[in-house]
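Residue numbers (this note's numbering), protein chains in the order written: chain A, 1 to 263; chain B, 1001 to 1196; chain C, 2001 to 2104; chain D, 3001 to 3145.
Glycine included, C-beta positions come from ideal geometry on N, C-alpha and C.
This report concerns only the one structure given below.
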Amino acid sequence: MRLAAFAALAACAALAQAQDSAREIQRYRQMIAEGSPAELFEVEGEALWKKPEGPKKVSLERCDLGEGPGVLKGAYAHLPRYFKDADSVMDLETRLLHCMTTLQGRSREEATRRVFGSADRPSEFESLSAYIAAQSRGVRIAPGMSHPKEKASYELGRALYFHRVGAWDFSCASCHGDEGKRIRMQELPVLYKPEAARPVIATWPAYRVSTSQLVTLQWRMNDCYRQMRTPEPTFASETTVALIHFLTATARGETYHGPGNKR
Amino acid sequence: MSRLALLLALVTLPALGDPTPQDVQKVMQRDFHGRGQAGMDRVVQDGVQRLCTESHDRPPAELAKALQADQMKTIAYPQGSLLGDWQRGEAIAQSGRGLTWNDKPGDAAGGSCYNCHELSPQELSHGTLGPSLRGFGRTRGASPEVQHYVYGKIYNAKAYNLCSQMPRLGASGTLTPEQIKDLVALLLDPASPVNR
Amino acid sequence: MAAGPMKMRALLGQGYTDIRVLMNHPMETGQRKDPDGKLVPMHFIQNLTVKVNGRTVVDAQISQAVSRNPVFSFRLKGGAKGDKIEVSWLDNQGESNSTEAAVA
Amino acid sequence: MNRLRRTLLAALALGLARPLAALAAWNKDAFGAKTPGDALKSLGVAGATPSKEVVIDAPEIAENGAVVPIEVSSAVPGTTALIVVIEKNPFPLASRFDFRDGALPYAKLNVKMGETSDIRVLAEAAGKYYSATKEVKVTIGGCGG
């Protein structure tokens, strides 16, 4: 009798424990979000933006991110978008690469040698992304949606989201397809739905506490495909831009408030 | 293959202008590159992936049945007991490594089980993409039939539910038959924490 | 980045001043291996000092158990807009850095 | 690197920064101790009274042991120091904060935890010590690949 009562008590405790776990993880995330080292990367990124580089020894300060040469305010919130000079849709990192090769005269090979950094040595794309994204704080997310190539990019991104592929048969929707699911303790936002995409996209790029790195959306696409057991998507390729475009377009209307914090 | 093509043609076609899985595959073949053990052969969809993409994971029943039967044929059962060592099984269930471009080929892979399933109650950090497997063997026992089912399900989940989100852990070469037996033990052995 | 930038903000709250400071530092424990399998030498901040208008108010000794890229918050009694806050650190390899901000 | 650092390095080279180094004391014995008991002994703490006035705000579960946010404070009148001990870390003493007139006995910081452990915080007031304890469970997040 006492044993049965004890077992029932244990079962109740286990249920309560599961609910507490989720709540406590929420609190954990909230607490780490309160002081973000992302700001340190913004400082580095500003210095890089203004630093002369490449054979032409010029800075990126004349780079046109879509709002005119050198205009940073709101530029990130309006990407990805179509650029006439490149006749293609570009996200922030792709556009930065474009400016490195055109303005600074660097080769694509040299400029993409280290697109994702380490805790000890961030990549220039990471610091630059933090700095530039921060200049869109308070601006509504509104990527390009009108040019035929922008529409095609969005459609490709959506098709990629549901495309099952790789050694484990995953699509993005395998993990980000149903409400209320988790991998380990990590909640999985259903990113093809606006209400889920908005808070996520509004805080990328972000400082990732588990690796002490500033991570970008190009990195996120790359590392999801790695975990999906596919080969590697090329940095700044149409595939990665299209997925970023689809996710950002799904989040449109939200006010940008990053760079944020991630696990 | 021609039978498959014919069957696929029966599936509702997406709206005109939307990229088809064939279009997407072509883009991926251009935009991806092989790295480490993750070769470009992996962006070529097989029949299961293609049908599940086309049908948004809701394949017509007839078609699903036919393809599931094909998948069932991929499962190779070892001789004798399918019950391995649950302690090794626990370690395999915990590990999320294997088959990525930065895993060393030949290094033991894990099953990533806790990423999606609850198993041992001691592990609080478990996913919920798949059903909870806590107490799995308590109600089902560990008869040869149950062992056979569990081994097969881990080896090739698509043989049971064509568009399941669970990887084909044996058929994809992720786990060895020995490792799958250890996972069967983790789920069915009465001494396993899953059942205690 | 050994000793990169620091960032601080000091805000006047209800009866106290809230200071938050970010520091760029690897906070190496001496137990981590680099990608080549070599141990990364211990490298961490040991002392942290907070001064208000030149007077020390917090003196902290910290260990390698503080996370990489440390973030600290402190609170001062009262305070006034324009008070000069200075935070400085010194690590086990003799490196140091400091930053200043006025209470806003 | 930044200008400030260059200036500081130059100052170091000239020996100008030496007073800063001389000011700073770091209790090598306490921080090098491998048990909480030894660490506290090296800090001169003989015993501590459990007190609800010593507050530890930390999540009960942390998804990542590399960054565990904790907020510590004391409402014990006359608190002049807060000591943070992570019981199961290889070197348990994590920090000691000395507060002078003008500072509240409060600190927020992120710490590393090797495994699930109790965090113990001691407040020093008028030569006496008061303590509180809180357990933080360290788990695994993400895909683990």
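Quick one: does residue i have its CB under 8 Å from some CB of chain D?
i: Asp2059 (chain C); result: yes
i: Pro2026 (chain C); result: no
i: Arg2032 (chain C); result: no
i: Gln2014 (chain C); result: no
i: Ile2062 (chain C); result: yes
i: Arg164 (chain A); result: no
i: Arg263 (chain A); result: yes
Using a C-beta cutoff of 8 Å, does residue i count as contacting chain C?
i: Leu9 (chain A); result: Confidence at Leu9 (chain A) is low in this model, with a pLDDT of 46, below 50, so its placement is unreliable and no value can be given for it.
i: Leu40 (chain A); result: yes
i: Ala119 (chain A); result: yes
i: Ala3094 (chain D); result: yes
i: Ala3075 (chain D); result: no
Give a yes or no on whether 8 Å exceeds the smallest Cβ distance from residue i to chain A.
i: Asp1182 (chain B); result: no
i: Asn2092 (chain C); result: no
i: Pro3064 (chain D); result: Going by the sequence as given, residue 3064 (chain D) is Asn instead of Pro. Asn3064 (chain D) counts as touching chain A.
i: Ser1172 (chain B); result: yes
i: Ile3083 (chain D); result: no
i: Arg1196 (chain B); result: no
i: Arg1168 (chain B); result: yes
Buried or exposed for residue i, please, with buried defined as at least 16 other CB atoms from any protein chain shown within 10 angstroms of its CB.
i: Ala3022 (chain D); result: Since pLDDT at Ala3022 (chain D) reaches only 41, below the 50 mark, its modelled position is unreliable, and the value read off the structure follows with that caveat. Exposed, by the Cβ-count rule.
i: Thr230 (chain A); result: buried
i: Val71 (chain A); result: exposed
i: Val1044 (chain B); result: exposed
i: Thr216 (chain A); result: buried
i: Gln1245 (chain B); result: The structure shown does not extend to residue 1245 (chain B), since chain B is modelled only from 1001 through 1196, so no value can be given for it.
i: Asp1018 (chain B); result: exposed
i: Pro148 (chain A); result: exposed
i: Pro1105 (chain B); result: exposed
i: Gln2031 (chain C); result: exposed
i: Ala3025 (chain D); result: exposed
i: Glu1178 (chain B); result: exposed
i: Leu2039 (chain C); result: exposed
i: Pro1131 (chain B); result: exposed
Residue i versus chain C: which residues are under 7 Å apart at the beta carbon?
i: Val43 (chain A); result: Pro2005, Lys2007
i: Lys3112 (chain D); result: Ala2065, Ser2067
i: Tyr3106 (chain D); result: Phe2074, Arg2075
i: Ile3119 (chain D); result: Simply none; closest approach about 11 Å.
Quick one: list the residues of chain A neighbouring residue i, beta-carbon separation under 7 Å, in chain order.
i: Ile3061 (chain D); result: Ser21, Glu24, Ile25, Tyr28
i: Val2066 (chain C); result: Near Val2066 (chain C) there are no residues of chain A at all, since even the closest Cβ is about 12 Å away, more than 7 Å.
i: Leu2022 (chain C); result: Gly35, Pro37, Glu39, Leu40
Starting from residue i, find everything on chain D with Cβ-Cβ shorter than 9 Å and list it in chain order.
i: Met221 (chain A); result: The contacting residues do not exist; Met221 (chain A) stays about 15 Å from chain D at best.
i: Ser210 (chain A); result: Glu3063, Asn3064, Ala3066, Val3067, Gly3141, Gly3142
i: Gln186 (chain A); result: Glu3063, Gly3141, Gly3142, Cys3143
Which chain B residues sit within Cβ distance under 8 Å of residue i?
i: Lys2969 (chain D); result: This structure cannot settle anything about residue 2969 (chain D), because the visible part of chain D is limited to 3001 through 3145.
i: Thr234 (chain A); result: Asp1031, Phe1032, His1033
Which one or two residues does DSSP pair with residue i in a beta bridge?
i: Glu1145 (chain B); result: Note: Glu1145 (chain B) sits in no beta bridge, so no partner.
i: Met2023 (chain C); result: C:Met2006
i: Ala2060 (chain C); result: C:Leu2048, D:Phe3097
i: His2043 (chain C); result: C:Glu2028
For a contact defined as C-beta to C-beta under 7 Å, what are the partners of residue i on chain B?
i: Ser237 (chain A); result: Asp1031
i: Ser174 (chain A); result: Gln1165
Residues of chain A with CB under 9 Å from residue i, in chain order?
i: Asp1018 (chain B); result: Glu155, Arg158, Ala159
i: Val2050 (chain C); result: Within 9 Å Cβ-Cβ: nothing; Val2050 (chain C) doesn't reach chain A, min ~15 Å.
Starting from the beta carbon of residue i, find every residue of chain B whose beta carbon is closer than 9 Å, and list them in chain order.
i: His257 (chain A); result: Correct list: empty, because the minimum Cβ distance to chain B is about 28 Å.
Does chain B have any CB closer than 8 Å to the CB of residue i?
i: Val190 (chain A); result: no
i: Ser107 (chain A); result: no
i: Ile183 (chain A); result: yes
i: Thr216 (chain A); result: no
Give the interface partners of residue i over in chain C, defined as CB-CB distance under 9 Å, in chain order.
i: Arg3100 (chain D); result: Arg2055, Thr2056, Val2057, Val2058, Asp2059
i: Leu3040 (chain D); result: The premise fails here: Leu3040 (chain D) is roughly 14 Å from chain C at the closest Cβ pair, so nothing lies under 9 Å.
By the criterion of Cβ-Cβ separation under 8 Å, what are the contact partners of residue i in chain C?
i: Ile3056 (chain D); result: The contacting residues do not exist; Ile3056 (chain D) stays about 15 Å from chain C at best.
Residues of chain D with CB closer than 7 Å to the CB of residue i, please, in chain order.
i: Met31 (chain A); result: Pro3059, Pro3069
Problem set entry | In chain order, each alpha helix (DSSP H) run of at least 4 residues that lies wholly inside the stretch 1103-1127 of chain B | 1113-1116
Exercise. Counting only runs that start and end within the stretch 53-116 of chain A, where is the alpha helix (DSSP H) found for 4 or more residues in a row?
Worked result: 92-102, 108-111
Problem set entry | 4-residue-minimum alpha helix (DSSP H) runs that sit fully inside the stretch 3100-3136 of chain D, ordered along the chain | none
For this session: Jot down the residue ranges of each uninterrupted beta strand (DSSP E) in the stretch 3039-3083 of chain D, minimum 3 residues, whole runs only, in chain order.
Result: 3054-3057, 3068-3074
Problem set entry | Whole runs of the alpha helix (DSSP H) within the stretch 1001-1084 of chain B, excluding any shorter than 4 residues | The qualifying runs are 1002-1009, 1021-1031, 1047-1054, 1061-1072.
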